[in-house]
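Residue numbers (this note's numbering): -14 to 565. The C-beta atom is built at its ideal place from N, Cα and C for all residues, glycine as well. Treat the numbers as computed from the prediction; the structure is a model and nothing was measured.
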């Protein structure tokens, strides 16, 4: 409906230009918003206010002219002018009912497939394999996953890339420690990567002989030594298994096939340096090979260096990222490269994207975007830590979530068996952690609060999961009786109308999520949908409604609500439950 209205306004503007009311070369950006106050209609625009000055016209008079020029249509029930020149639009009930019917009869809830489907390469999660995943990896994994799910649902080809850190000097230390242990001890200690890393670091700091061996192994590893590669592959395999366990528990759609590690680009890095040299972009600075771009300057107005090769010949993140960007466009065929990485890396990606274009690592009108995110904070206002003050392992966090959810369920009256309670606790616990994160603006820090995320009140996963089971319970009680799914929608009650208007926004919200990489738009939509269904459910009898036509209509609204909640939660990576 929004697209139809935008088209009508575009035709109206075209007519006003043809009449001479608006200059023919005047650029026009049609923007529609959803008014917070329902009395202001379904959509509103400030178009007349924006065009009044260049058109040398009074805003209200221009608003009247725009309304007059809108072609005859069945979309709008009413248009009116508010304030200094805002135009409010109310959609006709017939259009609303048509949209509801299309959603009800569609497996995809009538969500449009993108006209211009893109190949989107999405970089997310990307942990360092030297250690187990910790709470700092949570946001990249679940935000990137939600956006990738929505993008796929909208018809884009999504290629997931897990750019794991599996190369560098620290791996020499870890290989030296593996070498020092017998097979049985190594296997035992590798079961806890965090402990393994700390033990290796301690040996490195305390023993010069061990440190020398670690440095030797790094050189051998990077030169392709067979013995070192065998040790390294063993360590990487264990590390990736740890990661996959966490992804599976989180319900994140990343597999071993999506891993494209730093080491995968190792052979391409000399070519990156040579290419930059051929382009005349390389400069030596204190023995290091650097690129200086005029677009990025420091405090003294001097260009900031992008170091691509260290004095000793080693490569850096910048070198690998340039190789990865080239691979993602020229091999994977990416039209849009999306990076879900901590906001603190924004300067790095700005520099890399600018250099990639300037040096020709990417070509054409490819889109390169870094979608930064804030930090998970504790109640003390500092980055979230474990009880002992260390970094919280993600697996431990999920264990704690499930434990707390089970305690919460056991405090409530339930007919669930013990096994069912454990399954529900698993879904509720992990979904609560994910939803608490996804429901916050991606760019903001947020406070990690167990009490808030596990409550059944407010914008939380337990509330939405329960809302879904509540809607579904209507159809359990209905049993095999069924209802007339071909019946017309009746929207006489204001609660029916409010629910209907929320339902038909689903397509629009998904496009917003994909365009801005902001999953919290979908969370807010689902929370509002659950609230409007609750108001509808309390005010509008369904199963005991004597009017059969009205009963069928309300059952269709309930079924559609359940379908949208289920699909919406699935796009966030959250499974629904049949009962709680």
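Helix or strand or just coil, what does DSSP make of residue i?
i           : result
residue 529 : coil
residue 293 : strand
residue 255 : helix
residue 71  : strand
residue 419 : helix
residue 64  : strand
residue 464 : helix
residue 119 : strand
residue 478 : coil
residue 209 : coil
residue 277 : strand
residue 326 : coil
residue 145 : strand
residue 346 : coil
residue 368 : strand
residue 109 : coil
residue 268 : strand
residue 431 : strand
residue 546 : helix
residue 398 : coil
residue 2   : helix
residue 456 : helix
residue 353 : strand
residue 88  : helix
residue 404 : helix
residue 409 : helix
residue 29  : strand
Assuming residue i contacts residue j (C-beta within less than 8 angstroms), just tell me the rounded distance between them.
i           : j           : result
residue 185 : residue 159 : 5 angstroms
residue 363 : residue 352 : Between residue 352 and residue 363 the Cβ distance is about 36 angstroms, and since that is not below 8 angstroms, they are no contact.
residue 508 : residue 444 : 7 angstroms
residue 34  : residue 69  : 6 angstroms
residue 15  : residue 32  : 6 angstroms
residue 134 : residue 528 : That pair is no contact at about 34 angstroms.
residue 114 : residue 150 : 6 angstroms
residue 271 : residue 296 : 7 angstroms
residue 358 : residue 124 : 5 angstroms
residue 319 : residue 105 : 7 angstroms
Considering only the alpha carbon of each residue, which of the options lies closest to residue i?
i           : options            : result
residue 568 : 380, 40, 207       : In this structure the chain extends from -14 to 565, so residue 568 is not present and cannot be described.
residue 83  : 60, 283, 99        : 60
residue -3  : 109, 187, 226, 54  : 54
residue 543 : 7, 6, 89           : 89
residue 458 : 410, 415, 546, 133 : 546
residue 482 : 504, 461, 522      : 522
residue 213 : 157, 192, 222      : 157
residue 254 : 44, 129, 303, 229  : 303
residue 192 : 161, 312, 484      : 161
residue 551 : 163, 237, 537, 488 : 488
residue 499 : -8, 103, 117       : 103
residue 131 : 270, 560, 44       : 560
residue 256 : 305, 333, 62       : 305
residue 300 : 346, 248, 111      : 248
residue 96  : 538, 515, 490      : 490
residue 246 : 222, 235, 230, 269 : 222
residue 425 : 504, 350, 367      : 504
residue 230 : 217, 334, 383      : 383
residue 7   : 42, 127, -14, 176  : 42
So, at 7 angstroms on beta carbons, what are the nonlocal neighbours of residue i in its own chain, with the 5 sequence-adjacent residues on each side left out?
i           : result
residue 119 : 376, 377, 378, 379
residue 344 : 260, 261, 264, 266
residue 433 : 361, 362, 363, 369
residue 440 : 447
residue 339 : 278, 280
residue -10 : 17, 28, 60, 74
residue 122 : 110, 112, 379
residue 393 : 439
Tell me which same chain residues have a C-beta within less than 6 angstroms of the C-beta of residue i, skipping the five on either side of it?
i           : result
residue 420 : 446
residue 232 : 239
residue 29  : 18, 20, 71, 73
residue 512 : 444
Can you give me the Cβ contacts of residue i inside the same chain, cut-off strictly under 8 angstroms, excluding the 5 residues immediately before and after it?
i           : result
residue 215 : none
residue 286 : none
- Message: I want to know whether the segment 68 to 83 touches the segment 279 to 295 - three or more CB-CB distances under 8 angstroms.
- Response: no
- Inter-stretch contact (C-beta, 8 angstroms, three-pair minimum) for the segment 444 to 452 and the segment 473 to 486: no
- Between the segment 423 to 433 and the segment 527 to 544, do at least 3 Cβ pairs fall closer than 8 angstroms? Between the segment 423 to 433 and the segment 527 to 544, the count of C-beta pairs closer than 8 angstroms stays below three; the two stretches do not touch.
- Item | Cβ contact (3+ pairs, closer than 8 angstroms) linking the segment 381 to 398 and the segment 321 to 328 | no
- Is it a yes or a no for the segment 407 to 424 touching the segment 488 to 498, going by three-plus beta-carbon pairs under 8 angstroms? Touching, no.
- Would you say the segment 140 to 151 touches the segment 175 to 192, given that touching needs at least three Cβ pairs under 8 angstroms? no
- Can we say the segment 202 to 219 touches the segment 91 to 102, given the rule of at least three CB pairs closer than 8 angstroms? no
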